[in-house]
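One point on numbering: in the working numbering, the residue at position 277 of the sequence shown is 1611, and numbering is uninterrupted. Ideal placement from N, C-alpha and C gives every residue a C-beta, glycine not left out.
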Amino acid sequence: MLLHAHVKQKYILTSTLFKTVKWLDKIRSKDEIPSTVPFDGLDNWLGSVSQSLFRGLSTKADQIYREIRDTRERLKQNAARLQDAEPDETMPDHILKIGLLNRDRIVKHLYSVTDKIAIPSQTDYKTVLSFYRGMIATLDFPFGKSSKNIYCVRSLFPDEINELILDLNRLRTALNQLITLIKGKESQVMHLEHVPEIVQALKNLSSGIEKEKEKIYYQEEISAALEKKIEGEEERLRTIEASDEWIQFKELKIELGSLEEAVTMLESNVSKLFFPVKNALNLLKKQDETGRHSLTPEVRGAISAILASPIQALGEDIHKSLLAIRTTLEGDPSILKDRKREKTLKWIEYLLNADLPHLKTERDQLHSRIEEINGMLLDLQILNDRMGIEQSIASAKGQLIHVQEEIARSKNHIVSLEQERREQEKLLSGALEGIAGKKIEVTFNFGTEATRSPSHPSDEKRGTLG
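Okay, here's the thing in structure tokens:
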């Protein structure tokens, strides 16, 4: 009873001591990991942390590598023995046939396995983990597709098969011992594998931000040049508008507008003069076209000219034309009804007494001056200069709008990239803390201004990520 209690107490003390040593190793490991690291020094930091987390891995892994190498050679030799072994002739033919066929398959696969066992030269956790994963997949092979096939091969070559099974079991045992060195630290391994991805993502985002900033810088230079060009062109425009030539141009344009307005007014007045006889003349023309009354060529031409353009008709012998029309109306009372006929004759008499040639002369003088002014305007180069400057200003303003839109897009993209970068920084913080078991402060140097990962939103200068 006392012996049992003593053994139990010794077990408790041993267990407690083991846990204490393990706890002290963990604390020591944490203390060995630097709490501050520059972003561009993360590779070295990860290497240092790996050594601290997997202390002794290199020595133990190297020893297990040697065991695997030796086992691989034995496996190759035992596969050759199985290939050369002679079967028991007393076995039934069907067992012999199946057993020999499956022996060849097993030997072929075993040689393939030995060829794939490439012992690494490195003993870091990444290499160990990669080697373990590859070998587990390689060794996952049964000695046949069914228990009957295994039975037949084992029946023919029991000793050889047993040796091979022992070799394969030794390999699995060695691999289990290898992975045991990493077990319990799966979380750290996961974070260690994830950190390079986050770092690359941060580098890509920072590179993207810098490219957008360079684009903005370039676009802002273009924008400044365009604004300067617009300012210069507007100054040229003001100079032109203050020149004597431009003042003359404006005066001519004002005069031209007045003259064109006067011509319009004159033509309108002439049209109004002939309006009271328009219906009568149209009726005469229609009767002539239908053959009801036959007009003389002189009268027919006069009517057509007046109806087409009264102002143009003034250029002909308008009095002679009006007298011919009056004679026609007076000579044939049936052409128009009495009241309409009298009214038309009365208005023709009014027109004959009006100074119609003077109106034609006035119109010709107005047109002459309009042509003269148009010729003068064509001779003024300043108008072409002004139009060229205005087109230049319009083009520059259009380009400026496009450039400003590009700048706005780049700035919005930077905001998006910076937000994504902050999220990646948080991921990095969590991964580093998961590796080290404590807060890790990262000093970033993105662009020209170094920053530190903040532990709290209010901490703007110094702190830990997250």
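Under the 8 angstroms Cβ criterion, the region 1380 to 1400 counts as touching the region 1440 to 1457, having at least three qualifying pairs. The closest CA to that of Gln1733, considering only Arg1673, Arg1697, Asn1616, Lys1563, is found on Lys1563. If you draw a straight line from the Cα of Leu1679 to the Cα of Asp1713, it comes to about 51 angstroms.
In chain order, His1627 place their CB closer than 8 angstroms to the CB of Asp1666, counting only its own chain and leaving out the 5 sequence neighbours on each side. Relative to the Cα of Phe1388, the nearest Cα in the group Ser1655, Thr1514, Val1597 belongs to Thr1514. The alpha-carbon separation between Arg1720 and Met1710 amounts to approximately 16 angstroms. Take the alpha-carbon of Ile1402 and the one of Ser1464: they are about 15 angstroms apart.
When secondary structure is reduced to three states using DSSP, Pro1454 falls in the coil class, being assigned neither helix nor strand. For Pro1372, the beta-bridge partners assigned by DSSP are Thr1777.
Membership of Ser1577 in any alpha helix (DSSP H) is not indicated, and neither H nor E is assigned to it by DSSP. At the C-beta level, Leu1766 and Gly1542 stay beyond 8 angstroms of one another. Restricting attention to Leu1593, Gln1522, Glu1531, the CA atom closest to the CA of Gly1771 is found in Gln1522. Assigned with DSSP and collapsed to three states, Ala1596 falls in helix. When secondary structure is reduced to three states using DSSP, Gly1771 falls in the coil class, being assigned neither helix nor strand.
Between Cys1486 and Asn1436 the beta-carbon gap is near 6 angstroms, inside 8 angstroms, which marks them as a contact.
Between Leu1690 and Ile1727, the gap from beta carbon to beta carbon reaches 8 angstroms or more. Per DSSP, Asp1474 lies in no alpha helix (DSSP H) and is assigned neither H nor E. Taking C-beta atoms as the reference points, Leu1670 and Ile1637 fail to come closer than 8 angstroms. Taking a C-beta distance under 8 angstroms as the contact criterion, Leu1560 and Val1737 qualify as a contact pair. Taking a C-beta distance under 8 angstroms as the contact criterion, Glu1494 and Leu1416 qualify as a contact pair. For Asp1666, no alpha helix (DSSP H) segment is defined, and its DSSP state is neither H nor E. Secondary structure of Leu1387 (DSSP, three-state): helix.
DSSP, read as helix, strand or coil, puts Lys1606 in helix. Between the C-alpha atoms of Lys1537 and Glu1546 there is a straight-line separation of about 14 angstroms. C-alpha of Leu1761 to C-alpha of Ile1532: approximately 7 angstroms in a straight line. Under the Cβ criterion (8 angstroms, minimum of three pairs), the region 1615 to 1624 does not count as touching the region 1588 to 1600.
Counting along the chain, Lys1619 sits inside the alpha helix (DSSP H) bounded by residues 1612 to 1624.
Nearest to Pro1530 by C-alpha distance, out of Arg1506, Leu1376, Ser1557, is Leu1376.
When the Cα atoms are used, Leu1685 and Phe1609 turn out to be separated by approximately 11 angstroms. Counting every other CB atom within 10 Å of its CB across the protein chains shown gives Ala1576 a total below 16, marking it as exposed. Distance from Leu1571 to Ile1723 at the Cβ level is roughly 5 angstroms; contact confirmed, criterion being Cβ atoms closer than 8 angstroms.
Cβ atoms of Ile1645 and Arg1697 come within 8 angstroms of each other, at about 6 angstroms.
Residue environment: Gln1534 is assigned as exposed (fewer than 16 neighbouring CB atoms within 10 Å of its CB, all protein chains considered).
For the 8 angstroms CB-CB criterion, Leu1629 and Ile1704 do not form a contact. Taking Gln1511 as the centre and dropping the five residues before and after it, the same chain places the C-beta of Ile1398 closer than 6 angstroms to its C-beta, in chain order. C-alpha of Ile1659 to C-alpha of Leu1590: approximately 38 angstroms in a straight line.
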